[in-house]
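*Asks:* Numbering (our numbering), first residue to last: 20 to 269.
For each residue, glycine too, the CB sits at the ideal point set by N, CA and C.
The structure under discussion is supplied below as structure tokens; questions concerning it will follow.
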Amino acid sequence: MALAAAATLAGTVAHAAPEEIQVYIDDMSNPGQFGLDVHTSYVATGNSGVDYSGQQRSLDRFRVTPEFAYGLTPNIELGLYLPLATLDGDGRVGIYGTKLRVKFIAPKAEGQTWFWGANLELGAVTHQLDQNPYNAELKGIAGFRSGPWLVAFNANVDFMLSGPVATRASLDLDTKVSYALSKTLAVGFETYNGAGDFGKLGDFGHSEGSSFATIDKSFGRWDVNFGIGSGYGSNRDRLIIKAIIGVPID
């Protein structure tokens, strides 16, 4: 399966080291095809603090989230993230939620180099990951391919569906730029930048951000997106290692 691309679930201020660190592009499962991407991340250094009582700290946390996908039509893909699992710094294994998604990529004319689409995610998580249990994200997807270059941009609106803590919808802007060295290897970078909530848009300094140097490598039918990055702004995670493994299952 081609790698699906990225986004966060939470509707509060705590977005550091989410279950999925990925920029969405135009990759889709074929109609009737099942696929599996395994999202992993580990925070090696940073601040051990938390944003609210009962939150799981991100320092020394290893996250593993299988993402199952199914191609419904040539332009619509369904996804299920199950489970949102973590191994925390004290060695405790936990399962803290799940989420569903539907992704649309607009039909492309022959020879068309640009693409656009959207992705909607609905999620339910426990208090360890978010103060509000039910959240959603609407993601706009745009990009183009030119020779060895791939450029993609996501604009993500995160909002609360239900929970005890009132929060405004927030905006996140993600970018991926990669250069293919061969048919099976590309290098590049990815950035994830919170732009504030809709009451204070453009508040980048008090929002979470992170950037990654990345490698995309194919091994036959297996794909790996590997990145090493760091947080900035209000993101206390200083060294983040992430990998997304595309596993052939059909």
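What residues in its chain sit with their C-beta under 6 Å from that of Y61, if we drop five residues either side in the sequence?
*Replies:* Counting only Cβ-Cβ distances below 6 Å, and skipping sequence neighbours, we find F81, I260.
*Asks:* What is the DSSP secondary structure of T27, reduced to helix, strand or coil?
*Replies:* Because T27 carries a pLDDT of 33, less than 50, the predicted location of this residue cannot be relied on, and no value is offered for it.
*Asks:* Can you tell me whether Y61 is helix, strand or coil according to DSSP?
*Replies:* The answer is strand: DSSP assigns Y61 an E or B state.
*Asks:* Please report how far the alpha carbon of G252 lies from the alpha carbon of N173, in whole angstroms.
*Replies:* Roughly 19 Å separates the two Cα atoms.
*Asks:* What separation, rounded to the nearest whole angstrom, lies between the Cα atoms of F223 and L157?
*Replies:* Spanning the two alpha carbons is a distance of roughly 20 Å.
*Asks:* With which residues is D56 paired in a DSSP beta bridge?
*Replies:* DSSP lists E86, G265 as partners of D56.
*Asks:* If distances are taken between C-alpha atoms only, which option among S77, N212, I124 comes closest to G110?
*Replies:* Here the closest residue by C-alpha is S77.
*Asks:* On a Cα-Cα basis, can you pick out the residue from T64, H146, R255 that is closest to S181?
*Replies:* The candidate whose alpha carbon is nearest that of S181 is H146.
*Asks:* Any idea what DSSP makes of G130, helix, strand or coil?
*Replies:* It is coil, neither helix nor strand.
*Asks:* With a threshold of 6 Å on Cβ separation, who are the neighbours of N212 within its own chain once the five nearest residues in sequence on each side are excluded?
*Replies:* Result list for N212: L192, G228, in chain order.
*Asks:* CA-CA distance, D46 and L91?
*Replies:* Going by the C-alpha atoms only, they are around 14 Å apart.
*Asks:* Can you tell me whether F217 is helix, strand or coil according to DSSP?
*Replies:* In the structure shown, F217 sits in coil (DSSP, three-state: anything other than H, G, I, E or B).
*Asks:* Taking just the CA atoms, how far does G221 sit from G116?
*Replies:* G116 and G221: Cα-Cα distance of roughly 30 Å.
*Asks:* Taking the C-alpha atoms as reference points, what is the distance between G265 and G54?
*Replies:* When rounded, the distance between both Cα atoms is 8 Å.
*Asks:* How many Å lie between R257 and Q74 at the Cα?
*Replies:* Straight-line Cα distance between these residues: approximately 19 Å.
*Asks:* State buried or exposed for I268, treating a residue as buried only when at least 16 other CB atoms are found within 10 Å of its CB.
*Replies:* The residue is exposed, with fewer than 16 neighbouring Cβ atoms inside 10 Å.
*Asks:* Could you give the first and the last residue of the continuous beta strand (DSSP E) run that contains D45?
*Replies:* Neither: D45 is in no beta strand (DSSP E) and is coded neither H nor E.
*Asks:* Expressed to the nearest angstrom, what Euclidean distance is found between the alpha-carbon atoms of G246 and P126?
*Replies:* Each residue's alpha carbon lies about 30 Å from the other.
*Asks:* Which value, in whole angstroms, describes the spacing of the CA atoms of D107 and L119?
*Replies:* Near 24 Å, if we compare the C-alpha coordinates of L119 and D107.
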